[in-house]
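Undergrad: Residue numbers (the numbering used here), protein chains in the order written: chain C, 110 to 546; chain P, 4 to 315.
One structure coming up, written as structure tokens, with questions to follow.
Shown next as structure tokens:
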């Protein structure tokens, strides 16, 4: 039996309502529109909100008949809300996304416009770092353009604690493991990690798989290669994680630590843990929590160490290349035109770049060395910029790169690896079973 | 439509004057039930039917819907997580009842009394009732943080445990937080119940020399029978829908240690974007809820409630 399109849509909406009612979740109306000739955008609240607000405000001031109406949301609720809105063809004109598997699902559902012509526009073509712009492409066509800072994951450390035990930042996994007993002997936890929300565990897995087996292993997994999760590199990476857990490499009770309160990063600047593996948000959280810690030069950072005998290039990076704007296919032609004009003229322009740097984000814009040199912390921003620009491979966070069902399963299974509730072999089998879902 | 027939439940034939000797049907006009019935059909039955249909569909929340036959059902029913979620739900239901009933019964009896400072204490007990679930969960998450939570306070170091990260401990922490939130409500029920008990019963018992404990056992408890049934029914059916506190507090983790059935449904639908699988879980939840409600009303005497004060 094949129901007609509209009937199926209605049915889908009804079913969705049932699930919503059951979960007592609440939904609000669709995007606000500011009248004729106006477009809408949803943005994420937090440190970069200001840069987005400034950009849209200056656009609105210069184009009174082509205004943007913006609304901001917290990160996790946004991810769920936007999907429902896109599915109901009720999304804002500009759809904020992370590239990867979610963008692919939008493309396959015909929910976003092909922006290849915009990307080829001389005004935009050379604006972005190529490795970052590439994440906005699906099957060779551009569907999304970068709109936010680059987010490579690095290890951040407390220089005072390193000086206390006379240690240097490790450049190999062996050196890192050798530091663990030394820190413990000094009564310091080697690593802080927020195990409660699950996703901060992901870069540990992605980095170790990359360093052991090279980027092909994760690329194969993302491409749904059969039995990709039983690759020896995956098994070894999980064994290394469990080894680190068993030697108390992570602070006691790490599975209870949440990240939205910054309790993981606070352990670093309050001197209770020596290191943490994190996104640039780590830097911003420390800046907010204890600006003096950064100003006094106590915060250090270094790339994830190499693994002895591993195939991966130690310059490979894991993280979120950037965030992206896509244009909703369901928007009206006028709204689409406003969005396109905005992207061509105002996206990541000089003011936008400066605003992002001010809040501690390094924009994925080519040739901004001079701007970085005049920023508040040139050393840090240059490190982040260079790590991104020079990375042979920039692996998007796996929960975003994989299909939503696989990403969800990965988070749960990886947490069980960290808790020792699952062996590496069980993990591989469980994840292989999710291929194609 | 069922609405039109239901709106006049008395068949036409029955409207002819009743033969002498048989009592005429009395009571409210069936038409008065129409608004409630319409709401029930639109907001309960139609979405329910939608969920049943969607449980046979393959849909990720975007794009076109395809038919999946029984594959969603097979997938969900063979998934060990589903069985575990059901077990956890039953466990949390039973333990919550065992924890909450005695506490709220005793508190209810206490707050119904006339002791000094009773009113002040009663106000304090009812504070959790005023807070939203999300606020309760966020507050407990901060309090239970192993490094910066309550364990950091001087002299309370023993409270710095891995409360939300230990797979064996976390369920009981969740049960505690839920009890903290819901005990005040049930206390209120019991308080009202106790206030209904005629003082003459206690006066007579006192004259007969019955102790306070004996009065509690032989007067208070039997008189509260239906309050206990009501409170238990609310607790047991309510525990099928525990979602908000657990979602904010643990997100179902660590691993799947607190992935209750409603949470499993939500995460399957809105994190994994498998609307078909989530609908299967929704249908299971509905069936479990109806089954539980049936058993409770059938065997608890809920439907046969009558006054306990005959002869007074």
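Just so you know, even glycine gets a beta-carbon here, dropped at the ideal spot from N, CA and C.
Is it true that the CB of residue 69 of chain P sits closer than 9 Å to the CB of residue 220 of chain C?
TA: no
Undergrad: Spell out whether any CB of chain C is found under 9 Å from the CB atom of residue 261 of chain P.
TA: no
Undergrad: Determine, using beta carbons only, whether residue 531 of chain C comes closer than 9 Å to chain P.
TA: yes
Undergrad: If you draw a straight line from the C-alpha of residue 264 of chain P to the C-alpha of residue 188 of chain C, how long is it?
TA: 22 Å
Undergrad: With 9 Å set as the bound, which would you pick, yes or no: does the beta-carbon of residue 544 of chain C sit closer than that to a beta-carbon of chain P?
TA: no
Undergrad: Which ranges would you report for the alpha helix (DSSP H) in the segment 99 to 142 of chain P if only whole runs of at least 4 residues count?
TA: 121 to 129
Undergrad: Quick one: give me the first and last residue of the alpha helix (DSSP H) that residue 214 of chain C is part of.
TA: 209 to 217 is the span of the alpha helix (DSSP H), which, as asked, contains residue 214 of chain C.
Undergrad: Go ahead and label residue 74 of chain P buried or exposed: buried means 16 or more other beta carbons lie within 10 angstroms of its beta carbon, across all protein chains shown.
TA: That one is exposed.
Undergrad: DSSP on residue 356 of chain C, reduced to helix/strand/coil?
TA: It is coil, neither helix nor strand.
Undergrad: On the DSSP bridge assignment, give the partners of residue 267 of chain C in chain order.
TA: Residue pairing by DSSP places residue 267 of chain C opposite C:408 in a beta bridge.
Undergrad: Pick out whichever of P:40, P:77, P:168 has its Cα sitting closest to the Cα of residue 363 of chain C.
TA: P:168
Undergrad: So who's on the other strand from residue 255 of chain C, going by DSSP bridges?
TA: Answer by DSSP bridge pairing, in chain order: C:433.
Undergrad: How would you label residue 258 of chain P, buried or exposed, when you count the other beta carbons within 10 angstroms and need 16 or more for buried?
TA: Under this definition residue 258 of chain P is a buried residue.
Undergrad: Nearest to residue 546 of chain C by CA position, among C:466, C:333, C:445, C:267, is which residue?
TA: C:333
Undergrad: Here's the rule: buried if 16 or more other CB atoms are within 10 angstroms of the residue's CB, otherwise exposed. What is residue 444 of chain C?
TA: buried
Undergrad: Out of C:346, C:345, C:399, which has the shortest C-alpha to C-alpha gap to residue 371 of chain C?
TA: C:399
Undergrad: Let me confirm a value: residue 132 of chain P is counted as buried when at least 16 other C-beta atoms fall within 10 Å, else exposed. Which label applies?
TA: exposed
Undergrad: Identify, in the order they occur along the chain, each residue of the same chain with its Cβ nearer than 6 Å to the Cβ of residue 531 of chain C, setting aside the five sequence neighbours on each side.
TA: Only 525 meet the Cβ criterion.
Undergrad: Which residues of chain C have a Cβ atom closer than 9 Å to the Cβ of residue 274 of chain P, listed in chain order?
TA: 188, 189, 513, 514, 516, 517, 520
Undergrad: Residues of the segment 148 to 168 of chain P in Cβ contact with chain C at a cutoff of 8 Å, in chain order, please.
TA: 148, 149, 150, 151, 163, 164, 165, 166, 167, 168
Undergrad: Are the CB atoms of residue 543 of chain C and residue 514 of chain C within a distance shorter than 9 Å?
TA: Their beta carbons are under 9 Å apart, which means residue 514 of chain C touches residue 543 of chain C by this criterion.
Undergrad: For a test of the three-state rule: what should DSSP assign to residue 468 of chain C, helix, strand or coil?
TA: coil
Undergrad: Report yes or no: is there a C-beta of chain P within less than 9 Å of the C-beta of residue 193 of chain C?
TA: So, interface residue.
Undergrad: Anything in the segment 289 to 308 of chain C with a Cβ closer than 8 Å to a Cβ of chain P? List those residues in chain order, please.
TA: When C-beta distances to chain P are compared with 8 Å, the residues of the segment 289 to 308 of chain C below that value are 304, 305, 306, 307, in chain order.
Undergrad: In this structure, does DSSP put residue 175 of chain P in helix, strand or coil?
TA: helix
Undergrad: Is the CB of residue 217 of chain C under 9 Å away from at least one CB in chain P?
TA: yes
Undergrad: Would the segment 384 to 403 of chain C and the segment 458 to 473 of chain C be scored as touching if the rule is three or more Cβ pairs under 8 Å?
TA: yes
Undergrad: Counting only C-beta atoms, is residue 253 of chain P closer than 9 Å to chain C at any point?
TA: yes
Undergrad: Could you tell me which residues DSSP puts in a beta bridge with residue 206 of chain C?
TA: C:433
Undergrad: Residues in the segment 290 to 304 of chain P with C-beta within 8 Å of chain C's C-beta atoms, listed in sequence order?
TA: none
Undergrad: Identify whether residue 278 of chain C lies in helix, strand or coil by the three-state DSSP scheme.
TA: Residue 278 of chain C carries a coil assignment under DSSP once its states are collapsed to helix, strand and coil.
Undergrad: Whose Cβ in chain C lies nearer than 9 Å to the Cβ of residue 145 of chain P?
TA: Close to residue 145 of chain P, with beta-carbon spacing below 9 Å, are these residues of chain C in chain order: 367, 370, 372.
Undergrad: Could you name the residues of chain C that residue 277 of chain P contacts, counting a contact when the two beta carbons are closer than 7 Å?
TA: 514, listed in chain order.
Undergrad: For chain C, is any of its Cβ atoms less than 9 Å away from the one on residue 270 of chain P?
TA: With 9 Å as the cut-off, residue 270 of chain P counts as an interface residue toward chain C.
Undergrad: Rounding to the nearest angstrom, what Cα-Cα distance links residue 323 of chain C and residue 507 of chain C in this structure?
TA: 15 Å
Undergrad: Please name the residue in C:157, C:490, C:344 whose C-alpha comes closest to that of residue 320 of chain C.
TA: C:344
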